[in-house]
Structure formats: structure tokens, C-alpha cells
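Chains as they are written, first to last, in the numbering used here: chain A, 1 to 519; chain B, 1 to 694. In this text, a Cβ means the ideal position worked out from N, Cα and C, and glycines have one as well. A short write-up of the structure that comes next.
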């Protein structure tokens with residue numbers, strides 16, 4: 001099936017390491033941090049090392065990033081031997097993960113226990129590298145490894161600061177269910193491998209596309225549905241969301257912020273890659289994109305957002321609200337994914353933009369909570385936020401921007417994100433079997449956006465209109481900084497979204513199939 | 001959108017941009033002033049900036065009035081044609097260039113959406129197709145020109161009359177007020193659907209804080225929340241409606257790849273191809289019209305086919321012949337279904353689009369948020385809500401709902417929303433009569449008057465739409481004056497309960513005089529502003545095309561006008577005549593009459609009412625080209641709908657005349673008896689027959 005390995009292909013394979021220099025830097029930082037943990041270095045020193053590592057990785061990304069695609073070689077067939085693909089979503093996801101890693105290092109500072117600082121930041125760096133690697137994985141094995149690089153350190157991150165029973169229970173709950181989902185994912189991968197005889201994503205896609213043109217294969221369908229289930233756990237989409245509310249509520253705030261953002265970025269990117277949707281050509285899809293898969297995703301999407309939003313209405317605990325809000329946002333993201341099967345890369349562009357918007361809004365929210373939460377003055381329920389606007393106007397403003405963004409008010413990133421999804425859903429070709437379905441889905445999403453506004457607005461009115469019951473303690477400077485940065489990015493992305501939209505379009509762009517020689 | 005393009009902006013476009021940007025800058029300055037110098041600094045700055053804004057919009061209105069003169073502007077291309085568009089690539093830079101209905105949009109892109117377009121090569125200028133990006137497309141035309149000075153005037157009055165509100169932080173209070181103006185002006189100026197929606201939604205946030213934080217009542221938070229959620233819910237559906245409209249109406253392209261225009265030469269040509277999508281309102285207007293035209297044609301052809309097949313079935317002489325005829329009938333039915341799909345979808349989109357406007361306006365069953373929001377908000381803010389924000393809904397109907405969905409507006413506008421509005425006119429008037437809280441009375445009266453705007457707009461005639469467009473401005477002034485005057489009572493006595501007042505005429509002559517003007521204007525006295533608009537609206541309902549429905553609606557509208565006189569004069573009698581009753585004030589002193597600040601601001605509004613009533617022509621003339629065009633297209637669309645029938649008759653008749661005695665059955669039918677696709681029936685020159693899937 002596969003073409004013979006040519007000389008240029010071999011060079012391309014040896015060049016792989018040069019395509020992941022920033023990720024290697026992050027893992028290297030992690031190693032250094034683990035070593036520091038052995039020498040019992042303090043929290044401050046660890047934190048500075050972490051920031052230095054991220055900064056170095058950003059410099060490498062800026063310097064080597066543009067050169068990476070030239071390492072691919074001119075032979076179009078080399079794409080069937082690549083394990084790392086530096087084109088497409090790679091650089092968008094890398095920058096997103098570096099930026100969020102920086103913000104998260106600021107955010108988690110108060111969660112870090114002095115004597116575990118090295119392990120804590122080390123694990124965070126590994127997860128960041130994993131997220132970035134998902135964006136450039138071009139092989140089932142690499143993809144799986146990258147996803148595990150996110151999962152396994154997360155167990156440690158959840159467990160390290162857990163000081164009470166509830167926190168430990170949360171860590172354990174996440175651990176068990178995550179292991180299960182990984183197993184299901186791997187099981188699904190094995191079917192994909194069994195059906196095609198290769199682990200290379202491009203090869204799998206082309207072989208399945210050829211087969212799919214003739215008949216719907218039950219084996220691949222089974223495989224991809226298992227894969228979908230495995231990833232849906234990471235997205236916290238209904239019905240794989242059960243862990244989220246408990247884990248969010250009891251987990252350490254900073255880590256929960258990470259858990260809300262990174263698995264979604266990684267999961268959506270992985271799904272786009274696995275479903276082979278980036279091609280945006282409905283006639284050339286590896287799976288049955290007219291019926292079963294889109295229907296499955298449409299059902300996942302509509303149930304996730306409706307259930308997430310409705311249940312969030314009943315909650316009073318802030319982090320629990322964010323868990324259900326995250327479930328609803330997974331529904332919005334899946335809406336865009338469902339649309340993509342019927343053609344048009346607009347859906348994928350919308351996903352990448354929304355991921356960025358969602359990341360900064362959510363991190364902004366958690367950063368504010370992290371900043372004002374302290375053992376003496378815990379911030380658990382909505383009522384604990386009363387009077388924030390009077391006592392800490394700056395933090396209240398950043399929280400308000402995050403909340404308005406999640407409602408989808410213009411001039412914030414959230415508005416543009418939702419807008420892109422709506423545009424994708426409502427301009428999808430109407431003559432596909434799902435044509436009217438997408439329009440109904442868009443209407444469902446619009447109603448959901450309005451329902452979501454109810455609980456976001458409840459928080460917003462609490463912080464602005466009510467007076468504090470107890471004075472707030474001093475805010476964590478680092479987390480406050482992260483909150484302000486998030487709010488700033490969210491506003492910039494809302495007022496002048498063109499640069500990020502352009503980047504998302506580049507990420508969604510895949511070399512048209514015609515330009516690659518057939519295997 | 002680079003700095004170069006900003007610097008080399010032509011003066012008129014720069015003027016428009018300045019009017020939009022100024023309130024935003026003013027808002028930021030107010031926020032920065034904060035509570036400095038006990039808020040005196042913010043207040044002083046706000047007054048000056050409001051005055052400057054009034055000046056800017058006034059200059060804009062007067063200077064553009066000449067370039068928007070109806071004698072030189074006919075809008076031949078049947079779409080809105082904004083002038084002074086920043087970033088317009090073809091705009092000739094001088095102000096006095098001849099007919100200006102050929103504006104081709106702007107180049108200022110906000111969010112790229114369409115596929116990456118190859119750069120246009122030289123010599124391909126005529127192939128230029130409209131941009132499919134979301135753009136910063138603002139401009140001035142007849143519909144929005146006069147709304148700008150209205151907004152700034154009401155803004156000035158609101159700043160002046162809320163002098164004592166927002167004590168704890170006047171800077172942020174005034175900042176939110178300016179941000180509210182920014183949203184309103186932006187929505188009025190927008191010619192891009194998404195930009196319009198963004199500004200439309202943006203008004204929610206300032207309104208939330210102004211009501212919830214600086215409100216006067218005990219339930220202000222709930223009122224603010226209800227207002228926000230109600231409007232957001234409608235707004236979300238509006239967004240879906242808008243984007244669905246975008247998806248439904250891609251730019252039609254000729255076979256050569258240039259934009260398809262409806263000209264006499266083109267009318268017989270085959271159905272154009274679907275090109276890129278567009279977000280520009282003028283372009284969407286055109287696209288929707290083209291696709292409506294072709295949908296009507298396809299439907300006519302399918303109906304003709306069905307009629308012929310009917311005849312063939314009944315006259316069939318053999319089983320094979322009958323079977324063939326029945327297949328042909330089934331194909332025709334299918335064709336009709338396909339052709340009707342567009343109008344069904346359009347109906348849903350129209351309803352979704354109207355959801356937001358109906359809540360904002362509000363049309364009666366969607367007014368749940370209004371009484372609380374109006375009575376809890378500070379008086380100046382209520383004034384702004386009623387005079388400007390409600391107009392956003394009305395403006396949305398005239399700018400978007402009607403032009404983009406002419407067909408659906410013809411079919412469902414008057415019958416659904418017209419009926420609701422007529423009921424609302426009467427219902428709200430009765431509610432107003434029952435109120436003792438004066439602010440609620442004014443709020444319901446406002447709802448009643450706004451119903452007239454809806455009726456006029458959906459009469460789909462130039463007279464009615466013109467009346468509605470004029471009434472938007474007239475009602476802005478008169479309702480602004482009314483709420484402004486109520487602010488006086490709230491300020492002096494802290495109460496608006498009509499039972500506690502009486503005989504104010506003797507003690508407050510100046511105040512009473514202005515209140516008389518406001519009441520008489522609201523009642524629709526000739527010579528004051530409301531008369532003109534109401535007259536146009538009611539007259540339009542006697543249009544022969546809507547007669548049957550129209551008489552009933554006109555009766556309701558007239559009843560509303562009558563009832564408005566009833567409750568207004570009852571209110572005047574109770575509060576201004578009779579024995580003097582004044583609630584106790586805290587310091588036990590009888591408060592003075594209007595001071596100079598209030599007197600000057602309110603009499604400015606009253607003068608506006610008078611001027612519009614005596615000289616309505618300056619405003620009406622500016623709107624005329626847009627209104628005439630909308631009326632023209634509406635009439636044309638109504639004819640299209642009839643064309644379904646007329647064309648079907650003609651096509652069927654022509655085919656029958658040409659037809660041989662017997663139905664000709666294809667060979668394979670006679671031999672195998674298996675039904676195949678029947679031959680297409682349709683007039684020559686129409687290759688796109690309905691049974692072909694589109």
C-alpha cells in the first residue's frame with residue numbers, strides 16, 4: 001500500500017526532532033524542575049525556572065517555527081512517513097498552549113505546596129508540551145502519547161495540593177475515569193490500525209476515504225465511535241461528563257482552570273485530526289460523513305449544551321457552575337465540528353478561534369477566583385463574590401469581561417467565537433442530508449446561549465450590585481496579573497479579531513488532496 | 001484598515017467616523033474622571049461632550065441633507081446606498097458628485113469569513129464580486145440621518161436631567177450613558193448585519209448597569225436582569241435570523257462570474273449561480289430579491305406543469321398513458337414543494353429576526369420587561385430607553401426585517417405583527433389609563449405609540465413606512481420630553497404617584513406649559529410632531545392591497561389615538577387642575593419651578609416637537625428615496641406572489657395550445673410500462689425547471 005521510502009523521506013524522518021524543539025524545551029524544563037525538587041528548591045525559584053522555560057520555548061517557537069515546514073522535503077509522498085506534521089493546526093495550537101502555560105503558571109501559584117513546587121510545575125510543563133504535541137501529531141501512536149502526556153501529570157497535579165478527603169476523592173475519580181477513557185481510546189485506535197494496517201494519519205485517512213467511497217465499513221465505524229467516546233470524556237461532553245462537576249468542585253482552583261481548558265483544546269484538535277475533517281471536502285471524507293458520524297456529533301452537541309446550561313442554572317457553587325458551563329461550551333464546539341462534515345472549513349476555523357476565546361475567558365474567570373480565594377476567606381459560592389466591584393474594582397472588571405465574553409456580548413472574544421460557529425452552521429450547504437439539521441442546531445445553540453446568560457448574569461449582578469458580607473483578603477498578585485492579561489486578550493480578540501481569525505484560518509487550511517500524490 | 005487609510009479619509013467619511021467614535025471617547029473620559037472633585041469634573045466634562053456631540057450630529061445632518069436630496073437620488077438599483085462610507089474603494093472624494101446610489105461597500109474588514117480569494121488581476125474590474133467578509137461598513141442614508149441628532153439631543157437631555165443621579169460615582173454613571181449612545185449611534189450607522197447586531201447587543205451592558213446600579217426603585221436589580229435576559233434571548237434569535245439570511249442569500253453570479261443584476265436584458269436569462277455569501281445589507285437586499293424572483297418563477301412553472309398533468313390524468317385513454325401522466329403529476333408536486341421550501345425557510349428566518357426587534361420595541365406580548373425597567377431606571381435613562389433604544393427595534397424592522405425578507409414581510413408582517421401591534425396599541429392604552437405611577441403611565445403610552453410604527457412599517461406601502469420612519473423621530477422627541485418632565489417630579493418630590501399630586505398648574509406654570517406641549521404632542525394634535533407620522537400610518541392602512549385586514553387595524557389604531565387622548569387628559573386634569581396637592585418633601589419647603597438648566601433642555605425638546613410638526617418636510621424629504629424604494633420593491637414582491645398564479649395560467653395555456661391531441665408517451669413507457677422521468681413542461685427559455693434539484 002505504502003510507497004517506497006525515498007531518500008528525501010528518510011531525511012524528513014531524521015528531521016523530526018527539529019520540528020518539536022519548543023516542546024522538547026518544555027519537557028527539558030520539566031526535567032530541570034524535577035531535579036530542583038530533589039534539592040528542595042523553594043516555590044519562588046521553581047516558579048522563575050518555569051517562566052524561563054516557557055519563555056525559552058516561546059523564543060524557540062518564534063525562531064524555528066517558520067523553518068519547520070521547509071524540513072518536510074519536496075517529495076509529496078513523505079507525508080505518509082511523517083510522525084510529526086508541522087503544518088496545519090500545529091503552530092496555532094503551539095502558541096495557544098505556550099500562552100496558556102504562561103498564564104497557568106501565574107494562576108496556580110497559590111495552589112502550589114512549598115515542598116512539592118518542583119513536581120507541580122514540572123507536571124504542568126509536561127502537560128503544556130503534550131497539548132502542543134497533539135497539534136502536531138500525525139500518527140496514532142504520537143497522538144496517543146501526547147494525549148497521555150496530558151492525562152498522567154494531571155493526576156499528580158490534582159493530587160499534590162489535595163489537603164482534604166474531597167480533594168483526594170476528586171483526584172481518584174478523575175484518575176479512574178480517565179484511565180477508562182484512555183483504554184477505550186486505545187481500543188478504538190486498534191480498530192483503525194486493524195482496518196488500515198498503518199498508524200499514519202494521512203495514510204489512514206486516504207485508505208479509509210477510498211474504502212468509504214464504496215461502502216460504509218462497520219469496523220472503521222466502530223473504531224471511530226470508540227475514539228469519539230474516548231475523546232468526549234476529555235471534552236466533558238454529555239454523557240461522558242459525570243466526573244466534571246465533582247472534580248471541578250473539589251479540585252484545586254488553578255488545576256481545575258487547567259482541566260477546563262487544556263483537555264478541550266487537545267480533544268478538539270485530536271478529533272479534527274482523527275475524523276480527517278480538515279480537508280473540508282465532503283466527497284473525500286474517511287468516514288460516513290452524511291449520516292452516522294454527524295448525527296452522533298449533533299446529538300452529543302445538542303444534549304451537552306442543553307443539559308450543561310440547564311443544570312448550571314440550579315448550581316450555587318462557582319466551580320460547579322464552571323463545570324456545567326464547560327460542558328455547555330463543549331456542546332458549542334461540537335456544533336462547529338458537526339457542521340464541518342458537510343463541507344466548508346468554516347467550522348474548523350470556528351473551532352480554533354473558539355478554543356482560543358474559551359481558553360482566555362475561562363482562565364480569566366479561574367484566575368479571579370484563585371486570586372481572591374484564601375483559606376481565611378474562601379470563595380466557594382456565588383454569594384461569596386458579593387461586593388467584589390466595590391472592594392476590588394480591577395478584579396471585578398476582569399471577571400465581568402470574562403463573564404460577558406461567556407454570555408457572548410459584542411466586543412469580547414466570546415461573541416466572535418459564537419458568531420463564527422453560527423456563521424459556519426447557517427452557511428453550510430443546504431442540500432446535504434444534514435442541511436436543515438444544522439439550522440435547527442444553530443437555533444438550539446442560540447436558545448442555549450440565552451439560557452447560559454442567566455447564570456453568568458447572576459454572577460455578574462452579584463459582583464456588581466450587591467455589597468460584601470465579609471471583607472475580602474489580599475488578592476494573589478500573580479493570579480490577578482493573569483486575570484488582567486486574560487481580560488485584555490479577550491477584549492482585543494473581540495474588538496479586532498482579524499489576526500486571530502487569520503491564524504485560525506491558516507490552522508484550518510490543509511494542502512488540498514489533489515496536490516498530494518495518491519498512495 | 002491601516003493608518004494610511006485612516007489619514008487619507010475623505011472629510012465626509014471622517015465626519016461620520018467621528019460621530020461614531022466620539023461617544024466612545026467621551027465614555028472613556030468619563031470613566032477616567034470617576035469621582036474626582038466629587039464628580040464635578042465628570043459632570044462638567046459630560047455636559048461639554050454632549051454639547052459637542054449635538055453639534056457634530058447637527059452639522060452632519062444639515063450638511064448631508066443637501067447631498068441626500070431626493071431630486072438627485074433615485075436608488076435605481078433598489079438597495080440602500082449609504083454615502084460617506086469610510087473605506088469606500090470607489091467613492092469619488094468630492095461631496096457633490098452626481099447620483100450616489102452606486103456605493104460599493106467598504107474595504108475595512110473586521111472578520112474574514114469567505115474563502116481566501118485570489119487577487120483580482122488587471123482588466124478584471126467588472127468581474128469584481130462583493131466581499132464576503134464581515135466588515136466595518138458604516139454610512140449615512142436617508143433612514144438614519146435624522147436619528148443621529150435625535151440620539152445626541154436625547155443624550156444631552158439625559159445628562160442634564162440626571163444631574164443628581166449616580167451620586168456615588170458620577171463618572172461611571174455618565175460613562176455608561178455615553179456607551180449607551182455609542183451603541184445606539186453605531187447600530188443606526190451600520191450597513192453590515194453583524195456590525196449592526198454587535199452594536200444592537202452592546203447597548204445591553206450599559207443599560208444593565210444604569211438600571212441595576214443607579215436605578216431608583218427597590219427592585220432595580222431584578223428589573224435590570226429581566227431587561228437584559230429578555231433582550232438577550234430575543235437578540236440571540238435575531239442573530240440566527242440574520243446569519244440564516246446571509247446563508248440563504250448568497251450573491252447571484254452570471255455564468256461569466258460577475259454579479260447578476262436585475263435588468264431588462266437579464267430577466268429572461270437562466271437562473272444565476274450562487275456566489276459568495278455577503279454580510280452587507282444593501283447587497284443582501286439585492287440578493288434576496290433575485291432569489292425571490294427565481295423562486296416565484298420556478299413555482300409558476302411547477303404549478304403549470306401540475307395543471308397540465310391534471311388534465312392529462314383525466315383525459316388518459318390507456319393505463320400506460322395514465323401512469324405516465326401520474327408520474328408527471330408527482331414530479332410537478334415535488335417541484336412545487338421544492339420551490340416553496342425557500343418561502344418556508346424565509347418565514348422562519350423572518351420570525352427569528354423579528355424576535356429581537358419585537359422585544360426591544362416592544363410589541364405587546366413581548367413587553368414583560370418594560371414596566372419594571374422603565375419605572376426602576378433613573379428618569380433620564382428611562383427617557384433614553386424609550387426615545388432611542390425602542391427605536392432600535394423599529395429601525396431594525398425598517399432596515400433589516402422588511403428589506404431582507406420582502407416576501408415573508410408581505411405574507412406575515414401585517415397579519416402577525418400588525419395584528420399584535422394593533423392589539424398592543426389598544427391594550428397598552430388601556431393599561432396606561434389604569435396606572436397611578438406616572439412613569440408607568442408614560443411607559444405604556446410609549447408602547448401604544450410604538451405599535452403604530454409597527455403597523456405603518458408592515459403596511460408595506462411608501463406612505464405607511466414613511467409615516468413609521470417619521471414617527472420614530474417624532475416619538476423620540478415627544479416621549480423624551482414626556483419622560484424628561486416626569487424627571488422633574490421625581491427630582492423635586494421623589495414620588496411619581498399621580499394620586500399625590502393635584503393643581504400643579506398654579507404653582508408651576510412653566511412646568512405645566514411644557515407638560516401641555518408634551519401631552520398634546522402625544523395625543524397627536526396637528527401642528528405638533530406626532531400628528532404627521534400617525535396620519536401617515538393610519539392612512540396607509542386603507543391601502544387597497546390590505547383593505548380587508550387594514551380596516552380593522554386602522555380602527556384599532558384610531559381607537560389607540562382616541563384612548564391616548566382619554567388617558568392623557570385624565571392625567572392632566574388630575575395632576576394639573578383642581579385643588580393643589582403636593583407630597584411632603586423632606587425639608588418641608590415647596591420646591592421651585594424649573595430652573596434654567598431644566599427649562600432650556602426641555603424647551604429645546606419642545607421646540608423640536610413644534611418644528612417637526614410645522615415643517616416635517618425637511619425630514620420626510622431626506623427619507624423619501626429609501627421609503628419610495630422600499631415601497632416600490634414591496635409592491636413588486638406582492639406582484640411576484642401573484643405571478644405564481646398568473647404565470648402558471650399563461651404557461652399552461654400556451655402549452656395546451658401547442659399540444660397535439662393526444663399525450664405523447666415515450667417509447668419505453670409503451671413497451672415496459674416503467675415510469676421514468678417525464679419530459680419537462682415549461683416555457684422555452686427556462687432551462688431551470690423545478691424538478692431539477694437545486
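7 Å Cβ cut-off: residues of chain A touching residue 109(B) | For the purposes of this step, residue 109(B) is taken as residue 109 along the second chain, with counting starting at 1. Going along chain A in sequence order, the residues near residue 109(B) (Cβ under 7 Å) are 498.
Rounded C-alpha distance that separates residue 30(B) from residue 159(B) | Working through the second chain from its first residue, we reach residue 30(B) at position 30. Working through the second chain from its first residue, we reach residue 159(B) at position 159. Near 12 Å, if we compare the C-alpha coordinates of residue 159(B) and residue 30(B).
Within chain A, the residues that residue 247(B) reaches when beta carbons sit closer than 7 Å = As a first step, residue 247(B) must be located in the second chain, where it is residue number 247. Within chain A, the residues near residue 247(B) are 426 and 427.
Leaving out five residues before and five after residue 69(B) in sequence, what residues of the same chain have Cβ atoms less than 7 Å from its Cβ?
-> Taking the first residue of the second chain as 1, we reach residue 69(B) at position 69. Cβ neighbours of residue 69(B) beyond the five flanking positions: none.
Member of 117(A), 96(A) and 143(A) whose CA lies at the smallest distance from the CA of residue 83(A) = In the first chain, the residue the question calls residue 83(A) occupies position 83. Cα-wise, what sits closest to residue 83(A) is 143(A).
If you compare alpha carbons, which of 638(B), 341(B) and 574(B) is closest to residue 411(B)?
-> Residue numbering aside, residue 411(B) sits at position 411 when the second chain is read from its first letter. It is 638(B).
Near-chain B residues of the segment 449-462 of chain A (beta-carbon distance less than 7 Å), N- to C-terminal order = 449, 450, 453, 454, 457 and 461
Let me know if residue 562(B) comes out buried or exposed under the rule of 16 or more other beta-carbons within 10 Å of its beta-carbon.
-> Stepping through the second chain from its first residue, residue 562(B) is reached at position 562. Looking at its Cβ environment, which holds fewer than 16 other Cβ atoms inside 10 Å, residue 562(B) is exposed.
Where do the N-terminal and C-terminal ends of the beta strand (DSSP E) with residue 111(B) fall, by residue?
-> Against the second chain, residue 111(B) aligns to sequence position 111. First-last of the beta strand (DSSP E) with residue 111(B): 109-111.
Measure from the alpha carbon of residue 131(A) to the alpha carbon of each residue in 117(A), 154(A), 112(A) and 120(A), then state which is nearest.
-> On the first chain, position 131 is the one that residue 131(A) refers to. Closest option to residue 131(A), Cα to Cα, is 154(A).
Is there at least one Cβ from chain B nearer than 8 Å to residue 423(A)'s Cβ?
-> If you number the first chain from 1, residue 423(A) lands on position 423. Closer than 8 Å: yes.
So, does the CB of residue 368(B) fall closer than 8 Å to a CB anywhere in chain A?
-> Translated into the one-based positions of the second chain, residue 368(B) becomes position 368. It does not: the Cβ of residue 368(B) has no partner Cβ on chain A nearer than 8 Å.
Under 8 Å between the Cβ atoms of residue 141(A) and residue 87(A)?
-> Here the question's residue 141(A) lines up with position 141 in the first chain. Here the question's residue 87(A) lines up with position 87 in the first chain. No, the pair does not count as a contact, with Cβ atoms beyond the cut-off.
By a C-beta neighbour count over all protein chains shown, 10 Å radius and 16 as the cutoff for buried, is residue 242(A) buried or exposed?
-> Here residue 242(A) refers to the residue found at position 242 when the first chain is read from its first residue. Result: exposed.
Could you tell me whether the Cβ of residue 415(A) comes closer than 8 Å to any Cβ of chain B?
-> As a working mapping, residue 415(A) is identified with position 415 in the first chain. It does; some Cβ of chain B falls within 8 Å.
Checking contacts by CB at 8 Å: is residue 198(B) closer than that to chain A?
-> By 1-based counting over the second chain, the position of residue 198(B) is 198. Yes - at least one Cβ of chain A is within 8 Å of the one on residue 198(B).
Ends of the alpha helix (DSSP H) at residue 279(B)?
-> For this step, residue 279(B) is matched to residue 279 along the second chain. Unbroken run through residue 279(B): none, as it is neither H nor E.
To the nearest whole angstrom, what separates the beta carbons of residue 527(B) and residue 613(B), a pair I think is in contact under 8 Å?
-> For the purposes of this step, residue 527(B) is taken as residue 527 along the second chain, with counting starting at 1. For the purposes of this step, residue 613(B) is taken as residue 613 along the second chain, with counting starting at 1. Right, the Cβ-Cβ distance comes to about 5 Å (below 8 Å), so this counts as a contact.
Going by alpha carbons, who is nearest to residue 624(B) out of 564(B), 472(B) and 465(B)?
-> Your numbering for residue 624(B) matches position 624 in the second chain. It is 465(B) whose Cα lies nearest to the Cα of residue 624(B).
Is residue 273(B) helix, strand or coil when you go by DSSP?
-> To locate residue 273(B), count along the second chain from 1; it is residue 273. Three-state result, residue 273(B): strand.
Should residue 208(A) and residue 196(A) be called a contact, given that it needs their Cβ atoms to be closer than 8 Å?
-> For the purposes of this step, residue 208(A) is taken as the residue at position 208 of the first chain. For the purposes of this step, residue 196(A) is taken as the residue at position 196 of the first chain. Their beta carbons are under 8 Å apart, which means residue 208(A) touches residue 196(A) by this criterion.
State yes or no: is the beta carbon of residue 590(B) nearer than 8 Å to at least one beta carbon in chain A?
-> In the second chain, the residue the question calls residue 590(B) occupies position 590. Not one chain A Cβ lies under 8 Å of residue 590(B).
Rounded C-alpha distance that separates residue 132(B) from residue 247(B) | Working through the second chain from its first residue, we reach residue 132(B) at position 132. Working through the second chain from its first residue, we reach residue 247(B) at position 247. The alpha-carbon atoms of residue 132(B) and residue 247(B) are separated by roughly 11 Å.
Residue from 283(B), 292(B), 240(B) and 51(B) whose Cα sits closest to the Cα of residue 259(B) = Here residue 259(B) refers to the residue found at position 259 when the second chain is read from its first residue. Comparing Cα positions, the closest option is 283(B).
Have a look at residue 316(A) and residue 381(A) and give me their C-alpha separation to the nearest angstrom.
-> The residue labelled residue 316(A) in the question sits at position 316 within the first chain. The residue labelled residue 381(A) in the question sits at position 381 within the first chain. Cα to Cα, residue 316(A) sits roughly 5 Å from residue 381(A).
What residues in its chain sit with their C-beta under 7 Å from that of residue 57(A), if we drop five residues either side in the sequence?
-> Counting from 1 along the first chain, the entry for residue 57(A) is found at position 57. Excluding positions up to five away in sequence, the list reads 22, 25, 26 and 98.
May I ask you to report which of helix, strand or coil DSSP gives residue 74(B)?
-> Sequence index remark: in the second chain, residue 74(B) carries index 74 (1-based). Three-state DSSP puts residue 74(B) in coil, outside helix and strand.
At a CB-CB cut-off below 7 Å, which residues of chain A make contact with residue 170(B)?
-> If you number the second chain from 1, residue 170(B) lands on position 170. Correct list: empty, because the minimum Cβ distance to chain A is about 16 Å.
What is the rounded straight-line gap between the Cα of residue 442(A) and the Cα of residue 110(A)?
-> In the first chain, the residue the question calls residue 442(A) occupies position 442. In the first chain, the residue the question calls residue 110(A) occupies position 110. Near 40 Å, if we compare the C-alpha coordinates of residue 110(A) and residue 442(A).
With 8 Å as the threshold, decide whether the Cβ of residue 446(A) is near any Cβ in chain B.
-> Indexing the first chain from 1 puts residue 446(A) at position 446. Chain B, which has a Cβ nearer than 8 Å to the Cβ of residue 446(A), makes this yes.
Coarse secondary structure for residue 22(A), derived from DSSP in three states = Translated into the one-based positions of the first chain, residue 22(A) becomes position 22. Reduced to three states, the DSSP call for residue 22(A) is helix.
In the segment 272-294 of chain B, which residues sit with their C-beta less than 8 Å from some C-beta in chain A, listed in chain order?
-> 277
Of all Cβ atoms in chain B, is any one closer than 8 Å to the Cβ of residue 501(A)?
-> Counted from its first residue, the first chain places residue 501(A) at position 501. Cβ-Cβ to chain B under 8 Å: yes for residue 501(A).
Quick one: measure Cβ to Cβ for residue 447(B) and residue 370(B), integer angstroms, because I've assumed they're closer than 8 Å.
-> Locating residue 447(B) in the second chain gives position 447, where the first residue counts as 1. Locating residue 370(B) in the second chain gives position 370, where the first residue counts as 1. Contact holds; Cβ gap of about 7 Å.
Which bits of chain B does residue 464(A) rub up against, with CB to CB less than 8 Å?
-> The count along the first chain starts at 1 and reaches residue 464(A) at position 464. Correct list: 209, 212 and 213.
Can you find at least 3 beta carbon pairs, one from the segment 341-349 of chain B and one from the segment 182-202 of chain B, that sit closer than 8 Å?
-> no
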